[in-house]
Amino acid sequence: MKTAAAYVRVSTERQDEYSLDSQLKLIRDYGAKNDYVVPDEFVFIDDGISGRTAAKRPEFRRMIALAKEKEHPFETILVWKFSRFARNQEESIVYKSMLARSGVDVVSISEPLAEGPFGSLIERILEWMDEFYSIRLSGEVKRGMAEKVSRGEVVTIPSFGYDIDGKSYVPNGDADTVRRIYREYLAGKGMQAIARQLGLEGVRTRRGNPPENRWVEYILTNPVYIGKIRWSKDGKSNYQRGGDASGSYLTDGHFEPLIPLEEWDAVQAKIAASKAGRSKYERREQTVEWMLKGLCRCSACNSTLVYTAPSCPSMQCYKYAHGNCQTSHSLSIAKANRQTIAALEFASANYVFPLAPHTVKLDAAAPDYEHLIAVERLKIRRIQEAYEAEIYTLQEYAQRKKEISKKIEELEQQAEQKRSEARAQALDPVAFAKKVQDVLRILKDPMQSESAKNAALKTVVSYIVYEKPAKRLAVYFYV
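So for the sequence shown, numbering that gives the first Met the number 0 puts the first residue at 0; every next one is plus one.
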């Protein structure tokens, strides 16, 4: 007789499940007919718990922990259906693989599988069906949440400035910052200036990021601050919705507003007037082309420099423009064009071509190192989740992370060696200098369009860093 564990679970979300007792009886009957013994101490029960994730299933975690022991006390886990084990296919594969390394199988007593690859295929199909049910269930959950919103109950994490207490929001220490944002905006301070000042003072969003002007705009247009609850019909937030209820439910909430209605109305009117006044410039920005478009970067935060000031064409750090970078990188486009052409002339005349890292193409037969490294990084996330779910001990987690990190380091070293070899083989200085000179002819031709110059430049240049302290452009080439 083989020793098996039984895992039984019922959730609160469907009525067509067998009861816990019924599932266990069916499992014991199956065991008796197939030479399994299921001791009482190896019966694991999660009652009224969803199967979407393992983190909230204590008996499931305890069962997995026992199965992972060196001298695991059972070699098979019996379930009524695979959906009892997990409804998330990715999680199901992770745990089944983990169990397989310990020599423990998962068997569904009501879904027999054929031996070999065909059986594995059927198992994946069953998992897909269970996950599909789970996705459909999420739609029902959204409908239920919409019903709660219609009654003025909160259903999401609280906005900046609030904490949650039961079914209601309560102001917290950030409430004064919200009030300050409204006051300063009405006093004439711009969103970018507000975001930058708050960032300098150490204010952080709920996600721990420095404020930027879009965050300030969201604060200024979020009706929660006048005591309203906004819930989008598709269950997703949208920075662009503002106070418009056309794509959202908007109802009165049962909590203290932070902003008086008159102040809110004044802010909305000012935002609307501001957008109306600059709309013509926004349309020009969307269609403008320039030689260095998409190529220049900020030396402080590595963000792209974007087009600004149509009356005097220039570039500025994208994050600085949104209040999220503290160093201005404003640069005249005409001046940047001249410096770029001068840099290319010097490089082609002296055969000096600084190559951008990670931009050299490897031979088609070479391993896809980026993919291999991404897989290893995913493993680190998985073992961290297993540790947080108490599947791995701290010692196991640390050991596995050390092993995977070492492999990532080895892959990165191999990739860099391959790139170095590729650079040596790919870069013929004389031939590349000629290619750069061909590009220069296009850049200097007044009959060529800005988009044509941009396309030509991108055939040899990977990116250009505007080194603000030195007031110079550093050009990095692409082979």
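For every residue, glycine included, the Cβ atom is placed at its ideal position computed from N, Cα and C.
As summarised for the stretch 317-366, there are no continuous beta strand (DSSP E) elements at least 3 residues long confined to that stretch. The stretch 70-79 makes contact with the stretch 23-32; the number of CB pairs closer than 8 Å reaches 3 or more. Contact between the stretch 178-198 and the stretch 313-333 is present: 3 or more CB-CB pairs across the two stretches fall below 8 Å. Contact annotation: residue 474 and residue 335 have beta-carbon atoms that are not nearer than 8 Å. About 6 Å separates the CB atoms of residue 249 and residue 222; that is less than 8 Å, so the two are in contact. Closest in alpha carbon position to residue 366, among 345, 381, 351, 414, is 414. Contact between the stretch 391-403 and the stretch 368-381 is established, with three or more Cβ pairs separated by less than 8 Å. Counted as a single uninterrupted DSSP element, the alpha helix (DSSP H) harbouring residue 192 occupies residues 190-199. DSSP places residue 43 within a strand segment (E or B) once states are collapsed to three. Put simply, the stretch 62-76 touches the stretch 94-101. At least three CB pairs are less than 8 Å apart. In this structure, residue 463 lies near residue 291, with their beta-carbon atoms less than 8 Å apart. Residue environment: residue 173 is assigned as buried (16 or more neighbouring CB atoms within 10 Å of its CB, all protein chains considered). In the DSSP assignment, residue 471 falls within the beta strand (DSSP E) that extends over 471-476. Residue 263 is not bridged by DSSP to any residue. Cβ-Cβ distances below 7 Å link residue 451 to 441 in the same chain, with the five nearest sequence neighbours on each side left out; the list follows chain order.
The beta carbon of residue 23 sits closer than 7 Å to those of 5, 7, 42, all from its chain and outside the five residues before and after it, given in chain order. For residue 186, the secondary structure class from DSSP, reduced to helix, strand or coil, is coil. Rounded to the nearest angstrom, the Cβ distance from residue 81 to residue 110 is 6 Å, consistent with a contact under 8 Å. Shown here for residue 183: same chain residues with a beta carbon closer than 7 Å to its own, the five before and five after excluded, namely 193 in chain order. For residue 296, the secondary structure class from DSSP, reduced to helix, strand or coil, is strand. Between residue 439 and residue 294 the beta-carbon gap is near 15 Å, outside 8 Å, which marks them as no contact. In the DSSP assignment, residue 77 falls within the beta strand (DSSP E) that extends over 75-78. CA-CA distance, residue 37 to residue 385, rounds to 26 Å. For residue 1, there is no enclosing alpha helix (DSSP H); the enclosing beta strand (DSSP E) has its first and last residue at 1-9. Between the alpha carbons of residue 326 and residue 159 lies a distance of about 26 Å. In the three-state scheme derived from DSSP, where H, G and I count as helix and E and B as strand, residue 304 is classed as strand. Cβ-Cβ separation between residue 25 and residue 108: approximately 6 Å, consistent with a contact (criterion under 8 Å).
Considering only 316, 206, 287, 407, the residue with the shortest C-alpha distance to residue 301 is 316. With contacts defined by Cβ atoms closer than 8 Å, residue 346 and residue 435 form a contacting pair. Bridge partners of residue 229 according to DSSP: 249. Per the C-alpha coordinates, the member of 297, 353, 103, 437 positioned closest to residue 3 is 103. A Cβ-Cβ separation of about 17 Å leaves residue 307 out of contact with residue 298 under the 8 Å criterion. Looking only at 44, 471, 161, 94, the smallest Cα-Cα distance to residue 340 is reached by 471. In the DSSP assignment, residue 63 falls within the alpha helix (DSSP H) that extends over 57-66. By the criterion of a C-beta distance shorter than 6 Å, residue 191 is surrounded in its chain by 212, 322, once the five residues flanking it on both sides are discounted.
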